[in-house]
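In the working numbering, the protein residues as written are 5 to 143.
The C-beta atom is built at its ideal place from N, Cα and C for all residues, glycine as well.
In this text, all values refer to a predicted model and were calculated from it rather than measured experimentally.
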(Lines of atoms letter the chains of each structure in order from A; the text may use other names.)
(Lines give C-alpha, C1' and ligand atoms only; values in the text may rest on other atoms or scores of the structure.)
Protein backbone atom coordinates (compact mmCIF):
# COMPACT_ATOMS: atom_id res chain seq x y z
CA UNK A 5 0.00 0.00 0.00
CA UNK A 6 2.79 2.44 0.88
CA UNK A 7 4.48 1.77 -2.46
CA UNK A 8 1.26 2.68 -4.27
CA UNK A 9 1.08 5.99 -2.41
CA UNK A 10 4.72 6.78 -3.20
CA UNK A 11 4.12 6.30 -6.93
CA UNK A 12 1.26 8.80 -7.15
CA UNK A 13 2.07 11.69 -9.50
CA UNK A 14 3.35 14.73 -7.66
CA UNK A 15 1.35 17.94 -7.97
CA UNK A 16 2.79 20.93 -9.76
CA UNK A 17 2.76 24.55 -8.63
CA UNK A 18 0.94 26.90 -10.99
CA UNK A 19 -0.62 30.34 -10.58
CA UNK A 20 -1.80 33.28 -12.73
CA UNK A 21 0.86 35.52 -14.24
CA UNK A 22 1.10 38.80 -12.33
CA UNK A 23 3.75 41.55 -12.20
CA UNK A 24 6.77 40.42 -10.17
CA UNK A 25 5.74 36.74 -10.46
CA UNK A 26 8.79 35.79 -12.53
CA UNK A 27 12.52 36.28 -12.19
CA UNK A 28 13.54 39.26 -14.32
CA UNK A 29 16.28 37.20 -16.00
CA UNK A 30 13.50 35.64 -18.11
CA UNK A 31 12.49 39.05 -19.48
CA UNK A 32 13.42 39.79 -23.06
CA UNK A 33 12.61 39.15 -26.68
CA UNK A 34 12.89 35.65 -28.10
CA UNK A 35 13.23 35.16 -31.83
CA UNK A 36 13.11 31.99 -33.93
CA UNK A 37 16.66 30.67 -33.86
CA UNK A 38 17.71 33.79 -31.92
CA UNK A 39 16.84 36.25 -34.73
CA UNK A 40 15.05 39.31 -33.31
CA UNK A 41 14.14 40.49 -36.82
CA UNK A 42 12.27 37.25 -37.59
CA UNK A 43 8.58 36.86 -36.87
CA UNK A 44 6.80 35.76 -34.83
CA UNK A 45 8.70 37.21 -31.89
CA UNK A 46 7.85 36.33 -28.29
CA UNK A 47 8.41 39.01 -25.66
CA UNK A 48 8.18 38.84 -21.87
CA UNK A 49 8.34 41.68 -19.35
CA UNK A 50 6.69 42.66 -16.06
CA UNK A 51 3.55 43.59 -18.04
CA UNK A 52 3.06 40.09 -19.39
CA UNK A 53 3.64 37.70 -22.28
CA UNK A 54 3.42 39.19 -25.79
CA UNK A 55 3.43 38.00 -29.37
CA UNK A 56 4.94 40.38 -31.93
CA UNK A 57 3.87 39.96 -35.53
CA UNK A 58 4.94 42.67 -37.96
CA UNK A 59 4.89 45.85 -35.88
CA UNK A 60 1.91 44.73 -33.76
CA UNK A 61 2.46 43.61 -30.16
CA UNK A 62 -0.41 41.53 -28.69
CA UNK A 63 -0.64 40.58 -25.03
CA UNK A 64 -1.88 37.18 -23.90
CA UNK A 65 -4.58 37.96 -21.34
CA UNK A 66 -4.97 34.78 -19.25
CA UNK A 67 -1.57 33.20 -18.62
CA UNK A 68 -0.77 30.55 -16.03
CA UNK A 69 2.76 30.19 -14.62
CA UNK A 70 4.13 26.78 -13.68
CA UNK A 71 7.43 26.63 -11.81
CA UNK A 72 7.48 22.84 -11.46
CA UNK A 73 5.97 21.51 -14.70
CA UNK A 74 9.39 20.37 -15.90
CA UNK A 75 9.90 17.98 -13.00
CA UNK A 76 7.18 17.90 -10.36
CA UNK A 77 6.76 19.58 -7.00
CA UNK A 78 10.40 19.01 -5.95
CA UNK A 79 11.81 20.44 -9.18
CA UNK A 80 14.62 22.94 -8.54
CA UNK A 81 15.74 23.72 -12.10
CA UNK A 82 15.50 26.92 -14.13
CA UNK A 83 12.79 25.94 -16.65
CA UNK A 84 9.56 27.94 -16.27
CA UNK A 85 6.35 27.30 -18.21
CA UNK A 86 3.85 29.99 -19.21
CA UNK A 87 0.57 28.72 -20.63
CA UNK A 88 -2.01 31.08 -22.15
CA UNK A 89 -5.57 29.88 -21.71
CA UNK A 90 -8.22 29.61 -24.42
CA UNK A 91 -11.68 28.28 -23.55
CA UNK A 92 -10.52 26.86 -20.19
CA UNK A 93 -7.63 24.96 -21.82
CA UNK A 94 -3.97 25.79 -22.36
CA UNK A 95 -3.53 26.77 -26.02
CA UNK A 96 0.29 26.59 -25.94
CA UNK A 97 3.07 25.93 -23.45
CA UNK A 98 5.93 28.47 -23.52
CA UNK A 99 8.88 26.68 -21.87
CA UNK A 100 11.43 29.35 -20.88
CA UNK A 101 14.97 28.04 -20.22
CA UNK A 102 13.81 24.81 -21.87
CA UNK A 103 15.98 21.80 -21.19
CA UNK A 104 17.82 23.78 -18.49
CA UNK A 105 19.36 25.98 -21.21
CA UNK A 106 19.31 29.68 -20.25
CA UNK A 107 17.73 31.84 -22.95
CA UNK A 108 16.11 28.94 -24.83
CA UNK A 109 12.35 29.02 -25.39
CA UNK A 110 10.39 26.08 -26.74
CA UNK A 111 6.73 26.52 -27.64
CA UNK A 112 4.57 23.41 -27.61
CA UNK A 113 1.01 22.77 -28.72
CA UNK A 114 -0.55 20.37 -26.16
CA UNK A 115 -3.22 19.49 -28.72
CA UNK A 116 -6.20 20.08 -26.44
CA UNK A 117 -7.67 23.05 -28.36
CA UNK A 118 -7.43 24.32 -31.92
CA UNK A 119 -4.87 27.14 -31.50
CA UNK A 120 -5.73 28.84 -34.79
CA UNK A 121 -3.31 29.85 -37.53
CA UNK A 122 -1.47 32.60 -35.64
CA UNK A 123 -0.69 30.42 -32.60
CA UNK A 124 0.14 27.42 -34.80
CA UNK A 125 2.77 29.61 -36.46
CA UNK A 126 4.28 30.38 -33.04
CA UNK A 127 4.64 26.68 -32.21
CA UNK A 128 6.01 25.86 -35.68
CA UNK A 129 8.78 28.51 -35.35
CA UNK A 130 10.12 26.93 -32.13
CA UNK A 131 12.77 26.80 -30.74
CA UNK A 132 13.40 30.44 -29.92
CA UNK A 133 16.42 32.05 -28.24
CA UNK A 134 16.65 35.29 -26.29
CA UNK A 135 17.93 37.92 -28.68
CA UNK A 136 17.31 41.27 -27.00
CA UNK A 137 15.37 43.33 -24.47
CA UNK A 138 11.57 43.10 -24.25
CA UNK A 139 9.77 44.45 -27.32
CA UNK A 140 8.10 47.81 -26.77
CA UNK A 141 4.75 48.90 -28.22
CA UNK A 142 4.89 50.66 -31.58
CA UNK A 143 4.79 54.43 -31.20
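Determine the closest residue to residue 129 out of 111, 20, 95, with distance taken between C-alpha atoms.
Translated into the one-based positions of the chain shown, residue 129 becomes position 125. Of the listed residues, the one whose Cα sits closest to residue 129 is 111.
Have a look at 61, 52, 65 and flag the residue whose alpha-carbon is nearest the alpha-carbon of residue 141.
Reading the chain shown from its first residue, position 137 is the one you call residue 141. Checked all of 61, 52, 65; the closest Cα to residue 141 is 61.
By Cβ distance, which residues of its chain are closer than 7 Å to residue 42, with the 5 residues on each side in sequence left out?
Counting from 1 along the chain shown, the entry for residue 42 is found at position 38. Cβ contact annotation for residue 42 (same chain, cutoff 7 Å, sequence separation greater than five): 35, 36, in chain order.
Pull up the distance between the alpha-carbon of residue 27 and that of residue 134, whole angstroms please.
Your numbering for residue 27 matches position 23 in the chain shown. Your numbering for residue 134 matches position 130 in the chain shown. If I take the Cα positions, the gap works out to 15 Å.
Suppose you measure from the CA of residue 81 to the CA of residue 71; what does that come to, to the nearest Å?
Taking the first residue of the chain shown as position 1, residue 81 is located at position 77. Taking the first residue of the chain shown as position 1, residue 71 is located at position 67. Approximately 9 Å, taken between the alpha carbons.
Using a Cβ-Cβ cutoff of less than 7 Å, which residues in the same chain neighbour residue 32 once the five nearest sequence positions on both sides are dropped?
Translated into the one-based positions of the chain shown, residue 32 becomes position 28. Cβ neighbours of residue 32 beyond the five flanking positions: 48, 134, 136, 137, 138.
Proximity to residue 40 [Cα-Cα], best of 101, 115, 99, 59:
As a working note, residue 40 is residue 36 in the chain shown. For residue 40, the nearest C-alpha among the options comes from 59.
Distance between beta carbons of residue 69 and residue 127, contact taken as under 8 Å
For the purposes of this step, residue 127 is taken as residue 123 along the chain shown, with counting starting at 1. For the purposes of this step, residue 69 is taken as residue 65 along the chain shown, with counting starting at 1. Between residue 69 and residue 127 the Cβ distance is about 19 Å, and since that is not below 8 Å, they are no contact.
How many Å lie between residue 122 and residue 21 at the Cα?
As a working mapping, residue 122 is identified with position 118 in the chain shown. As a working mapping, residue 21 is identified with position 17 in the chain shown. Those two C-alpha atoms are separated by around 22 Å.
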